[in-house]
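Residues -7 to 69 in the working numbering are what the sequence shown spells out, letter by letter.
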Amino acid sequence: MKLQILGKGCSKCLTLGEHAASAAQALGLDYEMEKVTDMNAIIDAGVMTTPALAVNGEIKSAGKVLSVEEIKKLLSA
């Protein structure tokens, strides 16, 4: 599973990345984490507000920091 955090590296982006990693680990998932900081790539992905979370290339959340529990639900679906 590929998890991407899209954002410029702000504190909210870092927190979202930590939450995503914690959620994936709690579920025992084999995952790869990528941080996307290039604004052109972020815009090309259709993200207008950061931070954003993508799972296997599909944007699942943008503009807010999801909790570990919220991310676990997304990853389990």
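Every residue gets a Cβ at the ideal spot worked out from N, C-alpha and C, and that includes glycine.
Counting along the chain, the unbroken alpha helix (DSSP H) around residue 68 starts and ends at 60 to 68.
The closest CA to that of residue 40, considering only 53, 49, 47, 21, is found on 53.
Taking 8 Å as the cut-off, the beta carbon of residue 12 is found closer than this to the beta carbon of residue 45. For residue -5, the enclosing beta strand (DSSP E) has its first and last residue at -6 to -2. In the displayed model, residue 37 falls within coil according to three-state DSSP, outside both helix and strand. Around the beta carbon of residue 19, a 10 Å sphere encloses fewer than 16 other beta carbons of the protein chains shown; the residue is thus reported as exposed. Residue 28 places its beta carbon 8 Å or farther from that of residue 51.
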